[in-house]
Each structure stands twice: as C-alpha cells, then as structure tokens.
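Visitor: Encoded as structure tokens, here's the structure I'll be asking about.
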Amino acid sequence: MNSIEPFLQLISGSLTANGYVIQTRPVLEGVRGVLYARSPQPYSLLITKIIDHFLFLSWDDKLFGRQDQLIVTYKSFNRYVNRQFTIPHWMRMTIPNMALIVLSESGFDEDTLKFAQSTFMVPFKGGEVGQFFLIDLKEKSTICHRAYAYKQYGAAPLYHTQNFLLSIINGCLQNLNSE
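For the sequence shown, position 37 matches number 163 in this note's numbering, and the numbering has no gaps at all.
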C-alpha cells in the first residue's frame, strides 16, 4: 500500500495552514523531490532571521535507499537554496534553515539512521544550518538529530525546526490511516 501520497497530502495541508509556500514534484538542482516547502518570509529567532527550506524525498524511489545519495542530494539542495542569497555566508543576517526530509515505506538501514541522528550541517563559514529527518511511514516513526549535553554552534534554528516539524509530522503520521 502506498502511504507516501496520503502523507504528502496531510503534510502539505499542515504546512500550507502554517503559511508555507508549497511546490509539488519540484526539480531543484537536478534533484527530483516529492514536495518542497519554504517559509513565506524570514522570521526572527534570537538575534537573526531565519527562512525555512524543507525538501521531501522518497528513499525507496529517488534515493534508491543509499546513504551516499542522501549526502549528494543534500549538497545539491544546499546549492539551490544558497543561490537565493546574494550576501556572503559570514555576513548574513538572514540565514537559510534547510531540512532534507526523507520518506520510506520500507525503513532505513542502521548506518543511515545513525547518520541522521548524529549529523547536522553548520558550515565553518556560518550563514546556514541544515539537518536530516528520516520518516518511516510503515512504523510511523521519525529519526533526526537530537540535542546533546554540550552546547552546539547553530543549534537554535535546528531545534526550533525539530519542534515545529516533529509536531506536524507526528500529527500527520497519526492521521495517516484515518484518511
């Protein structure tokens, strides 16, 4: 049973209700996503402004179930987002907050799960943040980077996004079979 399409309808509706601009079946830097969502305007978080960019992909279809493809795809997504900013990374007062959200109906291998739990993207030069979310539609579970005991550079936008997205994702997963 294909649960990706019903999930995409639910998440698209939730993000639209929160003011996000939605694009279905986007092709960004040669990457074919299943959904792209962007906050309509920057919002304030601590001392900076953030603009969200969320790209949803199919693990089983678009990424062929491979972690190396996940990393290559993030780099392409990163290039696409950063082309929208003309100011150098280190001078940015508004930064892109990127999330690559990967959907699977067959689960993820252990290495990819560990990668998503331990990886967040904050380049040394600053001016952007990014992370990975793995959504197992069969098990109705989400894996992503989590807070650690020590302070992490660039953590505020990451955790803000986690709180926001996990709330929406969990609601959509709960409603997935009741559609």
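Ideal Cβ placement from N, Cα and C applies to all residues, glycine included.
What you are looking at is a predicted structure, and each value in this text was computed from that prediction instead of being measured.
To the nearest angstrom, report how far apart residue 146 and residue 235 are at their CA atoms.
Guide: 31 angstroms
Visitor: Looking only at its own chain, which residues have a Cβ that is under 8 angstroms from the Cβ of residue 156, when we skip the five neighbours before and after it?
Guide: 202
Visitor: Measure how close the beta-carbons of residue 138 and residue 294 come, nearest whole angstrom, since I'm counting them as under 8 angstroms.
Guide: The pair is not a contact, with the Cβ atoms about 11 angstroms apart (cut-off 8 angstroms).
Visitor: Pair every Cβ in the region 222–233 with every Cβ in the region 178–186, then say whether three or more of these pairs are closer than 8 angstroms.
Guide: yes
Visitor: Run through DSSP, which three-state label would residue 259 get?
Guide: For residue 259, the secondary structure class from DSSP, reduced to helix, strand or coil, is strand.
Visitor: From the DSSP output, in three-state form, read off residue 240 for me.
Guide: Residue state, collapsed to three classes: helix.
Visitor: Starting from residue 201, trace the alpha helix (DSSP H) in both directions and tell me its first and last residue.
Guide: 193–208
Visitor: Tell me the DSSP secondary structure of residue 275 in three-state form.
Guide: Summary for residue 275: the model assigns pLDDT 49, below 50, so the residue's position carries little reliability; its value from the coordinates is reported in the next sentence. Of the three classes helix, strand and coil, the one that applies to residue 275 here is coil, per DSSP.
Visitor: For residue 135 and residue 254, I'd like the C-alpha separation in whole angstroms.
Guide: 28 angstroms
Visitor: Taking one C-beta from the region 162–173 and one from the region 188–195 each time, how about it: are there three or more such pairs within less than 8 angstroms?
Guide: No, because fewer than three Cβ pairs between the region 162–173 and the region 188–195 fall closer than 8 angstroms, the two stretches do not touch.
Visitor: Could you compute how far the alpha carbon of residue 241 sits from the alpha carbon of residue 144?
Guide: Going from the Cα of residue 241 to the Cα of residue 144 covers about 29 angstroms.
Visitor: Can you check whether the CB of residue 229 is closer than 8 angstroms to the CB of residue 261?
Guide: yes
Visitor: Considering residue 295, what are the terminal residues of the alpha helix (DSSP H) in which it resides?
Guide: 281–301
Visitor: Just reading off the alpha helix (DSSP H) that residue 226 is part of, what are its end residues?
Guide: Per DSSP, residue 226 belongs to no alpha helix (DSSP H); it is in the beta strand (DSSP E), 220–230.
Visitor: Mapping the DSSP letters down to three states, classify residue 130 as helix, strand or coil.
Guide: helix
Visitor: Please return the same chain residues whose Cβ sits closer than 7 angstroms to the Cβ of residue 219, not counting the five positions on each side in sequence.
Guide: The beta carbon of residue 219 is closer than 7 angstroms to those of 174, 175 in its chain, skipping five residues each way along the sequence.
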